[in-house]
Amino acid sequence: MKKLLVLAVLFGVVALNGKTTNIYEHARDVRIASQKEKLSKSEDKRPLISDRELKDIEKKYSKK
């Protein structure tokens with residue numbers, strides 16, 4: 520059983536080719552991509568802020 524575990528770990532290390540830090544970056548990129556995909560597929564395409572609120576904010580800060 521230990522030999523099998525050692526072989527699995529060894530194979531994993533060889534397969535990674537010394538790029539262990541890239542695994543975490545890849546996982547993060549995959550999560551971000553899946554979230555973007557979910558957002559693009561969502562039915563609700565309304566903007567986060569309405570046009571009226573945006574105009575009010577622009578007026579407020581353009582006076583200064």
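Position in the sequence shown (first residue = 1) + 519 = this note's numbering.
Glycine included, every Cβ here is placed at the ideal spot set by N, Cα and C.
- Judged by DSSP secondary structure, I576 falls within the alpha helix (DSSP H) whose first and last residues are 570 to 581.
- Between R547 and L558, the alpha-carbon positions lie close to 17 angstroms from each other.
- Rounded to whole angstroms, the separation of the alpha carbons of V528 and E577 is 58 angstroms.
- If you draw a straight line from the Cα of Q554 to the Cα of K560, it comes to about 10 angstroms.
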